[in-house]
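Participant: As given, the protein sequences belong to chains F and X, one line each in that order. Counted the way our numbering counts, the first sequence spans residues 5 to 174. Counted the way our numbering counts, the second sequence spans residues 34 to 184.
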Amino acid sequence: MITDLLGSGAIETLFPNGISRYAIGGLLVGLGTVVIYLGTGITAGASTFLESTLSYVSDRSRFAQYRASRDWRVVFTLSIIAGAGVYAIIYQGDPWALAGSAWITEVAPWRLFLGGILVGIGTRIGKGCTSGHGICGVGSVSRTSLVGVATFLVVAIITANIVAAFGVTP
Amino acid sequence: MSRHPLFMPLIIVGGLIFGFGLGFSHMARPEVVIDFLTFEDFGLLFVMFGGSIVAGLAFWTLSSTGGSAPLTGRPYARRLKSFDKNVLIGGSVFGIGWGISGICPGAAYASLGVGNWPVLYALAGMFVGAYLQGVWRSEPAADAAAVPSDD
């Protein structure tokens with residue numbers, strides 16, 4: 005039906021890897037958020053962990069405000085790592101075999117490091133990241149989050165296309 | 034401060050599902066994010082919209098009951114932040130970083146989980162960036178304006 009409307013091949017062009025992995029993955033990300041919200045009322049985002057964890061080593065007021073939540077945020081992040089590890093062991097390489105399960109990026113280390121610095125600055129100044137604004141904020145139909153998501157999405161699209169235009173791959 | 038004994042187990046279960054989902058969605062791979070941002074594969078739209086619809090249904094249903102969460106007593110509420118120019122400035126800086134690296138905080142944690150050790154460069158960068166803005170914004174004058182964020 006949709007294929008008829010868009011013409012044959014359009015779906016394959018827009019979604020060369022299909023949509024099920026993305027849709028199922030997204031539903032699970034939402035479900036993880038909901039599980040925590042149901043029990044605790046907390047709309048958990050990922051980037052506060054950066055500042056709350058810095059409160060272990062710095063007394064700066066900006067980090068100290070997160071002392072009360074820093075322990076569970078460490079647990080949350082370790083659980084995210086573990087959950088992705090379970091995915092890797094099942095779906096990457098031979099199922100349930102640890103050897104050969106790792107997937108390693110080919111994006112250059114300087115891109116990861118430089119981009120990471122800007123992500124660290126921007127998410128904390130901008131009051132949220134892809135999970136805080138993107139999942140919890142959009143789910144709350146928060147105008148602040150909708151504007152935040154539109155801002156980082158448009159800027160990221162422009163940036164990634166400029167980087168690609170300079171022939172940096174990957 | 035005492036917490037309900039099920040608080041941490043619930044955080045662990047939620048985090049495991051969240052991380053498994055990020056792995057399954059392939060968003061833990063910077064290449065997939067970069068392909069999305071350069072219009073090669075629009076699949077990531079389903080991750081964000083799928084996740085926010087599921088979360089949104091729960092937020093709206095529970096917050097409209099006026100109840101509060103069993104483990105914390107915290108009232109069910111939506112995630113609402115005040116809007117100011119920081120949302121635009123921070124969002125733009127984050128966007129540049131996301132476009133350069135293809136990695137955001139949650140996906141970076143999950144990326145480590147799928148065995149992608151070079152993402153440690155990105156995580157190190159994120160801590161450096163978070164530290165820098167914290168030092169800038171922890172000055173006495175800036176502190177009064179600092180807005181706590183739960184992300």
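Ideal Cβ placement from N, Cα and C applies to all residues, glycine included. Note that this is a predicted model, so its numbers are computed, not measured.
Do we get a CB-CB distance below 9 Å when we pair W100/F with the residues of chain X?
Facilitator: Not an interface residue.
Participant: With a threshold of 16 other CB atoms inside 10 Å of the CB of R2/F, please say whether the residue is buried or exposed.
Facilitator: As shown, chain F starts at 5 and ends at 174. That puts residue 2/F outside it, with no answer to give.
Participant: Could you tell me the boundaries of the alpha helix (DSSP H) in which G132/F lies?
Facilitator: No alpha helix (DSSP H) holds G132/F; DSSP gives it neither H nor E.
Participant: Run through chain F and tell me which residues come within less than 7 Å of P103/X, C-beta to C-beta.
Facilitator: Near P103/X (Cβ distances below 7 Å), the residues of chain F are G43.
Participant: On the DSSP letters alone, give me the boundaries of the alpha helix (DSSP H) that S125/X sits inside.
Facilitator: 118-134 is the extent of the alpha helix (DSSP H) around S125/X.
Participant: Beta carbon of Y164/X, beta carbon of G124/F: below 9 Å?
Facilitator: Contact: yes.
Participant: Are the C-beta of A174/X and some C-beta of chain F separated by less than 9 Å?
Facilitator: In this prediction, A174/X has a pLDDT of 49, which is less than 50 and means its spatial position is unreliable; nothing more can be read from the coordinates.
Participant: Could you tell me whether the region 105-114 of chain X touches the region 51-65 of chain F, using the rule of 3 or more Cβ pairs below 8 Å?
Facilitator: With a cut-off of 8 Å, the region 51-65 of chain F and the region 105-114 of chain X do not count as touching, because too few Cβ pairs lie within range.
Participant: Report yes or no: do three or more beta-carbon pairs, one from the region 48-57 of chain X and one from the region 89-96 of chain F, lie closer than 8 Å?
Facilitator: With a cut-off of 8 Å, the region 89-96 of chain F and the region 48-57 of chain X count as touching, because enough Cβ pairs lie within range.
Participant: Quick one: give me the first and last residue of the alpha helix (DSSP H) that A164/F is part of.
Facilitator: Note, A164/F: alpha helix (DSSP H), 147-169.
Participant: Give me the residue from I129/X, L104/X, G48/X with the minimum Cα distance to A140/X.
Facilitator: If we check each option's Cα against that of A140/X, G48/X comes out closest.
Participant: Mind checking which residues open and close the alpha helix (DSSP H) that includes E55/F?
Facilitator: Counting along the chain, the alpha helix (DSSP H) containing E55/F begins and ends at 52-58.
Participant: Rank G171/F, D63/F, G138/F, A168/F by C-alpha distance to the C-alpha of G30/F and give the top, closest one.
Facilitator: Selected option, being the one with the closest Cα: G138/F.
Participant: Would you call the CB atoms of T47/F and L104/X closer than 9 Å?
Facilitator: For T47/F and L104/X, no; Cβs fall outside 9 Å.
Participant: Please classify G84/X: is it buried, with 16 or more other beta-carbons within 10 angstroms of its beta-carbon, or exposed?
Facilitator: Its Cβ being crowded by 16 or more others within 10 Å, G84/X is buried.
Participant: Go to G136/F, then tell me how far its alpha helix (DSSP H) extends in each direction, as first and last residue.
Facilitator: Note, G136/F: premise wrong, no alpha helix (DSSP H); not H, not E.
Participant: Between S158/X and L116/F, which are expected to be in contact by the criterion C-beta below 8 Å, what is the C-beta distance as a whole number of angstroms?
Facilitator: Looking at the sequence itself, residue 158/X is Gly, so the reference to Ser does not match. Yes, they are in contact, since the Cβ atoms of G158/X and L116/F sit about 7 Å apart, within 8 Å.
Participant: Mind reading off the beta-carbon distance from S96/X to V80/X? Whole number of angstroms is fine, and I expect it under 8 Å.
Facilitator: No, S96/X and V80/X are not in contact; Cβ-Cβ is about 24 Å, not under 8 Å.
Participant: Is the CB of G1/F under 9 Å away from at least one CB in chain X?
Facilitator: The structure shown has nothing for residue 1/F, since chain F only spans 5 to 174.
Participant: With DSSP collapsed to three states, give me the class of S101/X.
Facilitator: Reduced to three states, the DSSP call for S101/X is strand.
Participant: What in chain X is Cβ-close to F156/F, meaning under 8 Å?
Facilitator: Neighbours of F156/F on chain X, chain order: G124, S125, F127, G128, W131.
Participant: Grab me the residues of D98/F's own chain with a C-beta within less than 6 Å of its C-beta, minus the 5 sequence neighbours each way, in chain order.
Facilitator: Closer than 6 Å at the Cβ level, and outside the excluded window around D98/F, lies no residue.
Participant: Would you mind telling me which residues of chain X sit closer than 8 Å to F67/F, beta carbon to beta carbon, in chain order?
Facilitator: Going along chain X in sequence order, the residues near F67/F (Cβ under 8 Å) are G167, S171.
Participant: So which of P151/X, F82/X, G123/X has the shortest CA-CA distance to G132/F?
Facilitator: Among P151/X, F82/X, G123/X, the Cα nearest to that of G132/F is on G123/X.
Participant: Return yes when the Cβ of G130/F is within less than 9 Å of the Cβ of V126/X, no when it is not.
Facilitator: Contact: yes.
Participant: Return helix, strand or coil for P108/X, following the three-state DSSP convention.
Facilitator: DSSP places P108/X in strand when its eight states are reduced to three.
Participant: Applying the criterion that 16 or more other CB atoms from any shown protein chain within 10 Å of the CB defines a buried residue, is L43/X buried or exposed?
Facilitator: So L43/X counts as buried.
Participant: To the nearest angstrom, how far is it from the Cα of Y154/X to the Cα of D75/F?
Facilitator: Roughly 24 Å separates the two Cα atoms.
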